[in-house]
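Here the structure is laid out as structure tokens; the discussion comes afterwards.
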Amino acid sequence: GEDVEQSLFLSVREGDSSVINCTYTDSSSTYLYWYKQEPGAGLQLLTYIFSNMDMKQDQRLTVLLNKKDKHLSLRIADTQTGDSAIYFCAVANDNQAGTALIFGKGTTLSVSS
Amino acid sequence: DAGITQSPRHKVTETGTPVTLRCHQTENHRYMYWYRQDPGHGLRLIHYSYGVKDTDKGEVSDGYSVSRSKTEDFLLTLESATSSQTSVYFCAISREGTGGADTQYFGPGTRLTVL
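Chains as they are written, first to last, in my numbering: chain A, -7 to 105; chain B, 306 to 420.
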């Protein structure tokens, strides 16, 4: 079945850029998603990218997709302490409607001032 | 924010007792999902529903049952709670099923502790 892998931790200083990486095994997902989870809260959709795109930019967020290598990354420019959270990469199996998202284990981003 | 609420938000129970968690949505979305979140495992699907009275199993469905008698409510029941079911439970909804531009929106979670 589908497998999604992420590094578990990332530590950066305020003002630096953060890059969170994700690899996946199934190439059938038409859309790939990034979710953010703050402490004690649910998951919040951060952004998503269509699989025929290489890059999507949304304010401080840049998503890069390398479909050949099945690699997805999320870049956060000018990282702030408020960006400290767990970030989840997720893909969907488009071959079956209603199928759940497959999540990576999450990357904990720690931002120090 | 999507209109999703979960109740209770926190619960402590004893092994062997039945527990029911409720997810309520005001978005009239067709699909609803229950996940559990555990350290080292990320989120894993327990059950999902694709309409009233229509449900299916997910990756970790053993020990859980669900019911959906109304579009807005999706109940998760642990018939006889075990310590391995200590977890944070999230409900999610989506309009047309995941995939395409549709995605899932999550509730705030229920923290369940089974002693």
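By construction, the Cβ of each residue, glycine as well, lies at the ideal position given by its N, Cα and C atoms.
Source: prediction; values computed, not measured.
Indicate the three-state DSSP secondary structure (helix, strand or coil) for Asp75(A) in the structure shown.
-> helix
Where does the unbroken beta strand (DSSP E) through Thr382(B) begin, and where does it stop?
-> 378 to 383
Compute the beta-carbon to beta-carbon distance between Phe395(B) and Leu348(B), rounded to the nearest angstrom, for a pair I have assumed lies under 8 angstroms.
-> 7 angstroms
Kindly say whether Tyr410(B), judged by its beta-carbon, lies nearer than 8 angstroms to any beta-carbon of chain A.
-> yes
Mind listing the chain A neighbours of Phe395(B)? Cutoff is C-beta to C-beta under 8 angstroms, in chain order.
-> Gly34, Leu35
Give a yes or no on whether the C-beta atoms belonging to Ala77(A) and Ser9(A) are separated by under 8 angstroms.
-> no
Ends of the beta strand (DSSP E) at Glu146(A)?
-> A question about residue 146(A) goes unanswered here, because the residues of chain A that appear run from -7 up to 105.
For the 8 angstroms Cβ check, are there 3 or more pairs between the stretch 38 to 57 of chain A and the stretch 94 to 102 of chain A?
-> no
Using the beta-carbon count (16 or more within 10 Å), is Gln342(B) buried or exposed?
-> buried
Looking at the C-beta of Gly368(B), does it have a partner C-beta in chain A at a distance below 8 angstroms?
-> no
Over the uninterrupted beta strand (DSSP E) stretch that includes Val365(B), give me the two end residues.
-> Where Val365(B) is concerned, there is no enclosing beta strand (DSSP E), given that its DSSP letter is neither H nor E.
Does Gly74(A) get closer than 8 angstroms to chain B when you measure Cβ to Cβ?
-> no
In whole angstroms, what separates the C-alpha of Leu383(B) from that of Tyr369(B)?
-> 5 angstroms
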